[in-house]
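In what follows, a structure is listed as structure tokens, so that the remarks can point back to it.
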Amino acid sequence: MKKDEAASRKVATDTTLVTAGRDPHDHFGFVNPPVFHGSTVLFPDTRTLLARDQKYTYARRGTPTSSALEAAVTELEGGYATRILPSGLAAITTAIMAIVKAGDHILMTDAVYLPGRKLCDTLLKQFGVETSYYDPELGAGIADLMQPNTVLVYAESPGSMTMHMQDMPAIVEAAHAHGALVAFDNTWATALYFKPLSFGIDISIQAGTKYLGGHSDIMLGAVTVNEPVWDRLNNAYERLGMCSGPDDHFLALRGLRTLSVRLERHYQSALEIARWLGQRPEIKTVLHPALPDHPGHDIWKRDFSGASGLFSVVFADASETQIMAFLDALTLFGMGASWGGYESLALPFNPSKQRSVTTWDEPVSGVRFHIGLEDVGDLKRDLDQAFSAMRAAG
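Just so it is clear: in the sequence shown, position 129 is 179 by my numbering, and no numbers are missing.
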């Protein structure tokens with residue numbers, strides 16, 4: 051579809067994933083945008099050089115490859131504009147630093163991704179920015195935590211590891227009434243299953259390392275904003291020099307084209323595994339927002355159109371030694387940071403020392419699963435033999 055044809059009519063999300071950010075007729079008919087390697091961009095004459103009067107002036111500020119990815123993500127998110135950064139954490143850092151200054155106050159969900167917490171407790175604190183953590187289930191009650199200098203409310207739903215769901219419409223209403231902006235980490239759902247800006251959220255953040263890339267082979271982040279925030283984000287992006295590489299842009303664009311079919315497979319396989327684990331005597335609790343007994347299920351059902359492959363479990367009456375034996379026995383599940391790739395992962399976690407206003411009351415560590423694209427029957431058999439190894443270790 052030509053660019054002007056796509057713009058003339060609204061198309062479904064699956065079509066957007068295929069058409070956004072590319073126009074083969076601009077590149078001699080090749081269906082994918084080319085990869086532009088380089089740093090220096092030449093100007094045709096002195097007037098253009100002095101005025102910077104051309105689309106690309108230096109590769110750190112963008113290339114046709116990064117522009118293609120930014121355009122595609124922006125269209126998918128329904129935002130005003132996007133900046134692509136070298137990692138998910140770089141996206142978080144740039145988004146927050148675009149908004150805050152010394153003397154400002156942030157409200158941060160207590161279930162935030164751990165490196166985001168460390169950013170607030172170290173670098174931002176060093177620069178005179180105060181952070182208060184709030185219960186992710188607080189909802190409209192967040193209005194009571196607003197201070198005169200609160201400029202940003204940061205949310206992540208579901209929350210890292212413990213899968214807390216947040217009532218974003220209520221939080222947005224309370225924050226905007228105070229004059230604060232709202233940022234949201236949308237890595238879990240992606241814009242396929244949750245569109246933050248349509249809920250009034252000002253800043254949508256994704257770790258493109260996960261589902262946008264989808265193959266565990268890139269480091270990338272994305273920040274999409276509404277129009278009032280764009281100049282601030284773009285200024286922070288340029289001042290911090292947060293450019294990423296063209297090969298990662300290309301791989302993210304390639305991953306984007308298959309995001310819908312991959313995410314649907316992750317969604318359905320993870321839900322089947324979660325239900326199966328919920329019937330196992332070794333499991334006390336399955337933390338998956340799409341399950342009816344999850345505390346945040348009603349929010350998920352109201353606001354989200356799907357789920358990804360990531361969820362957590364709590365074991366019943368298992369020692370740490372037994373949990374380690376379970377993990378060590380797995381053959382189809384790797385152990386490692388990140389998720390969102392084609393492979394399944396399992397990772398132990400214990401957030402008891404990573405909370406400020408909420409608690410982890412379980413006596414043992416939880417395990418976070420990412421369900422990949424393997425056959426579900428094979429994954430169940432692998433889990434079953436790992437449970438046997440766990441019982442033997444008791």
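The C-beta atom is built at its ideal place from N, Cα and C for all residues, glycine as well. Note that the structure is predicted; figures quoted are calculated from it, not measured.
- Listed in chain order, the alpha helix (DSSP H) elements of length 4 or more contained wholly in the region 198-235 are 218-228.
- Comparing alpha carbon positions, the residue from Leu99, Ala70, Arg111, Gly71 closest to tyrosine 287 is Arg111.
- In the structure shown, phenylalanine 399 falls within a strand segment according to DSSP collapsed to helix, strand and coil.
- The beta-carbon separation of isoleucine 373 and phenylalanine 361, rounded to 17 Å, does not stay under the 8 Å limit for a contact.
- At a Cβ-Cβ threshold of 8 Å, valine 311 and leucine 337 do not count as neighbours.
- Going by DSSP, glycine 416 is part of no alpha helix (DSSP H) but of the beta strand (DSSP E) stretching over 416-420.
- Residue environment: glutamate 370 is assigned as exposed (fewer than 16 neighbouring CB atoms within 10 Å of its CB, all protein chains considered).
- Ranking Met158, Ala193, Leu433, Ala190 by CA distance to the CA of glutamine 329 puts Leu433 first.
- Ranked by Cα distance from valine 273, the first of Thr65, Asn236, Arg418, Asp73 is Asn236.
- Using a 10 angstroms sphere on the CB of aspartate 160, the tally of other CB atoms reaches 16 or more, which defines it as buried.
- The Cβ atoms of glycine 128 and lysine 245 sit closer than 8 Å to each other.
- Here arginine 418 is buried: its Cβ has 16 or more other Cβ atoms, across all protein chains shown, within 10 Å.
- Contiguous beta strand (DSSP E) elements confined to the region 304-348 occur at 333-337, taking only those with 3 or more residues.
- Annotation for tryptophan 410: Pro401, Ser402 place their beta carbon closer than 6 Å to its own, counting only its chain and skipping 5 residues before and after.
- Under the DSSP assignment, glutamate 277 falls outside any beta strand (DSSP E), being part of the alpha helix (DSSP H) whose first and last residues are 277-290.
- Looking at the DSSP output, phenylalanine 383 shares a beta bridge with Ser394.
- The distance from the Cβ of tyrosine 392 to that of glycine 229 is about 43 Å, inconsistent with a contact at the 8 Å cut-off.
- According to the DSSP assignment, glutamine 256 belongs to the beta strand (DSSP E) that extends over 253-256.
- If you draw a 10 Å sphere on the C-beta of valine 81, you find fewer than 16 other C-beta atoms in it, and that means exposed.
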